[in-house]
Amino acid sequence: MRVTMILPALTEATGPARRPVKYALFPPLGLATLAGYLAADDEVALYDEHVEALDLPAMLDARPDLVVIQPYITSARRAYALADAFRAQGAYVALGGLHVTSLPDEAAAHADSIFLGPGEDIWPVFLKEFRDGHPAPRYTSTTRTLAGLPPIRRDLIKRGRYLVPNSIVVSRGCPHHCDFCYKDAFFEGGKSFYTQAVDDALAEIERLPGRHLYFLDDHLLGNRRFAEALFDGMRGMGRVWQAASTVKSVLEPGLLERARDAGLRSLFVGFESVNGGNLPDTLKIQNVGRDYNRVVRRIHDCGVMVNGSFVFGLDHDRPDVFARTVDWAVGAGVETATFHILTPYPGTGQFRRMEAADRIVHRDWDLYDTRHVVYRPHGMTPRQLEDGYWQAYRDFYAWRNIYRGANAHDLPREKLRHLAYAGGWKKFEGAWDLLIRRGHVLDALPLLERTLTAFGRHAAS
Ligand code: B12
Ligand code: SF4
1 MRVTMILPAL TEATGPARRP VKYALFPPLG LATLAGYLAA DDEVALYDEH VEALDLPAML
61 DARPDLVVIQ PYITSARRAY ALADAFRAQG AYVALGGLHV TSLPDEAAAH ADSIFLGPGE
121 DIWPVFLKEF RDGHPAPRYT STTRTLAGLP PIRRDLIKRG RYLVPNSIVV SRGCPHHCDF
181 CYKDAFFEGG KSFYTQAVDD ALAEIERLPG RHLYFLDDHL LGNRRFAEAL FDGMRGMGRV
241 WQAASTVKSV LEPGLLERAR DAGLRSLFVG FESVNGGNLP DTLKIQNVGR DYNRVVRRIH
301 DCGVMVNGSF VFGLDHDRPD VFARTVDWAV GAGVETATFH ILTPYPGTGQ FRRMEAADRI
361 VHRDWDLYDT RHVVYRPHGM TPRQLEDGYW QAYRDFYAWR NIYRGANAHD LPREKLRHLA
421 YAGGWKKFEG AWDLLIRRGH VLDALPLLER TLTAFGRHAA S
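Structure (structure tokens):
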């Protein structure tokens, strides 16, 4: 069987405000996971449009039997156009993932089969039925387990084109239920947080070459027993890694230290808002009443860097929220920040509430990229919200603030690491662009590894 798998480019990845390095970070892990279920004699090609141009006529000429496409909300239009082209030529098209699960009827118009929820249970069922000649139009995941996964087909990934080829997920979902998150809708009908067996996760880590890892789990520290066993198993492996967690887990005694001892060097944390009133509104209960300064101090005291994530446009936000957020993050020494304009994703509680209140202004999914205002905000105009968002990025990454943030650290080498990491990420677009266009972005990985290992209180593990 000939199989073509495609991760179409997100609209913003090809637009004028794109940052090439952001889209050359991670390979298409979901599709490589699904490819693991194919038979040894299947011919499979995996394309990621973020890092390679698609030669559609040649791909159509290859006459695949099965085409597997993963649309995200802002790549849905492109994904459907590709799906339509392959179907017109007689190929069988399967669509699945987050956006398809949110809007199955929309996706079904462009597919022969659609898949709702995680693929691990339904994809092998489909493959058997497809080979037997009677595939169903819709498959819905209900059985949630990561036991007995076939090895991810990392051989299909063009490693050289990614800065972080060693991305890995050892769990699915998250124990929390934030109102704006995709998670509850995606995992409806079954467990919404589950992990691999620790030994399987460690075996996957062992298979990855080099030192650096990036855990893409929504909340790597979400199951304390699993996380501790994983970190104990990773001690002494010599890895350096990055991951995501919540302010609540950071404050749990002992857990962060074990992560650090296993090689954690940078943590993505969802602070979401400096306006406390926004947190209960969005069911971000795990953040309510937490002292954010203490959270950052604790992460830094462990020698780990902070990537803070913030959302603008929640109902308690007023036009001063941008400057207040930047001022707090810079003053606390947060190394990198990711800002988002509140985006009600279809399928979420937030989308339903806003729709009922007639606050959704359009359904042009291309603009649901967290850079555009797609709803009626309460505390400011849409213009103020978009301008404030871009201003926050400019201010946070202005050299004066990078220096000020670096100075918030005690030790000279921590100051240096802050400068190298924040500056390297945002201030050398031209150099990143060149490396990406030449297909050599992986050459920068040793630099990233050195920045993560060489500085900080608990340098080189
Ligand atoms: C890596 C990543 C990215 C990469 C994406 C490119 C890439 N190479 O994957 C980059 C950095 C470009 C990116 C950008 C953004 N991202 Co992002 N990203 C992720 C992240 C961390 C991991 C994705 C992943 O690899 N998961 C692991 C694999 C195994 O799971 P998977 O891909 O979902 O695949 C499984 C299933 O979906 C299913 N499946 C998928 N496709 C198909 C197809 C078929 C046929 C079948 C059967 C099954 C199937 O089976 C797979 C195995 O179970 C997720 C969080 C997460 N943990 O998933 C957020 C996430 C997808 N991102 C998110 C967001 C918000 C964004 C941004 C908007 C952020 C921003 N402001 O810039 C942008 C734009 C994305 C968009 N929505 O348009 C949200 C999406 C919310 C939503 N409803 O769309 C997520 C869920 C994070 C979160 N918790 O909110 N992101
Ligand atoms: S903590 Fe993060 S992943 Fe979990 S529900 Fe909230 S936003 Fe989603």
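In the UniProt record's numbering, the protein residues as written are 1 to 461. Even for Gly, the Cβ is constructed at its ideal location relative to N, Cα and C. Only a predicted model underlies this, so the values are computations on that prediction, with no experimental measurement involved.
- Ranked by Cα distance from Trp-425, the options Leu-156, Thr-142 and Ala-444 are led by Ala-444.
- Near ligand 2, residues with a Cβ at less than 5 Å from any of the ligand's heavy atoms are Cys-174, His-176, Cys-178, Cys-181, Lys-183 and Asp-218; the list follows chain order.
- The residue among Phe-310, Ala-332 and Ser-266 with its C-alpha nearest the C-alpha of Gly-303 is Ser-266.
- Where Gly-308 is concerned, the enclosing beta strand (DSSP E) starts and stops at 305–312.
- At least 8 Å separates the beta-carbon of Lys-183 from that of Arg-144.
- Listed in chain order, the non-local C-beta contacts of Leu-264 below 7 Å within the same chain comprise Trp-241, Ala-243 and Val-304, local neighbours out to five positions each way being set aside.
- Per DSSP, the continuous beta strand (DSSP E) segment holding Trp-241 begins and ends at 240–245.
- Excluding its 5 nearest sequence neighbours in each direction, Glu-129 has C-beta neighbours in its own chain below 7 Å: Pro-135 and Ala-136, listed in chain order.
- By the criterion of at least three beta-carbon pairs nearer than 8 Å, the stretch 40–55 is in contact with the stretch 157–172.
- In the DSSP assignment, His-212 forms a beta bridge with Val-240.
- Residue Lys-248 holds the alpha-carbon nearest to the alpha-carbon of His-176 among Asn-293, Leu-448, Met-5 and Lys-248.
- Here DSSP, grouped into helix, strand and coil, assigns His-219 to coil.
- When DSSP reads this structure, Arg-172 sits in a beta bridge with Tyr-194.
- Using a Cβ distance threshold of 8 Å, Arg-211 and Val-250 do not count as a contacting pair.
- In this structure, the CA atom of Ala-431 is about 43 Å from the CA atom of Leu-127.
- Per DSSP, the continuous beta strand (DSSP E) segment holding Val-68 begins and ends at 66–69.
- In the same chain as Ala-229, and ignoring 5 residues on each side of it, the C-beta atoms closer than 6 Å to its own belong to Val-198, in chain order.
- Within the same chain, and ignoring the five residues on either side of Arg-450 in sequence, no residue has its Cβ closer than 8 Å to its Cβ.
- Secondary structure note for Glu-43: its beta strand (DSSP E) is the uninterrupted segment 43–48.
- Of the heavy atoms belonging to ligand 1, none sits nearer than 7 Å to the Cβ of Asp-84.
- Arg-318 carries a coil assignment under DSSP once its states are collapsed to helix, strand and coil.
- About 5 Å separates the CB atoms of Arg-235 and Ala-262; that is less than 8 Å, so the two are in contact.
- Selection Arg-294, Leu-416, Ile-152 and Pro-165 evaluated against Pro-27 yields Pro-165 as nearest (Cα-Cα).
- Bounds of the beta strand (DSSP E) holding Met-5 are 2–7.
- For His-418, the three-state secondary structure derived from DSSP is helix.
- The residue among Gln-70, Ala-39, Gly-90 and Ala-35 with its C-alpha nearest the C-alpha of Ala-62 is Gly-90.
- Per DSSP, Thr-33 is one residue of the alpha helix (DSSP H) stretching across 29–35.
- Assignment of Phe-126 by DSSP, reduced to helix, strand and coil, places it in the helix class.
- Distances from the CB of Ala-94 to the heavy atoms of ligand 1 include at least one below 7 Å.
- Within the model, the alpha-carbon separation for Leu-149 versus Leu-314 is close to 40 Å.
- For Val-169, the CB falls within less than 7 Å of some heavy atom of ligand 1.
- Here Ala-39 is exposed: its Cβ has fewer than 16 other Cβ atoms, across all protein chains shown, within 10 Å.
- Per the coordinates, the alpha-carbon of Ala-329 lies some 8 Å from the alpha-carbon of Ala-337.
- By the C-beta criterion, the stretch 381–398 is judged to be in contact with the stretch 315–328, since at least 3 inter-stretch pairs fall below 8 Å.
- For Gln-384, the shortest C-beta to heavy atom distance toward ligand 1 is 7 Å or greater.
- From the listed residues Ala-406, His-378, Phe-215 and Arg-172, the smallest Cα separation to Leu-146 is found for Arg-172.
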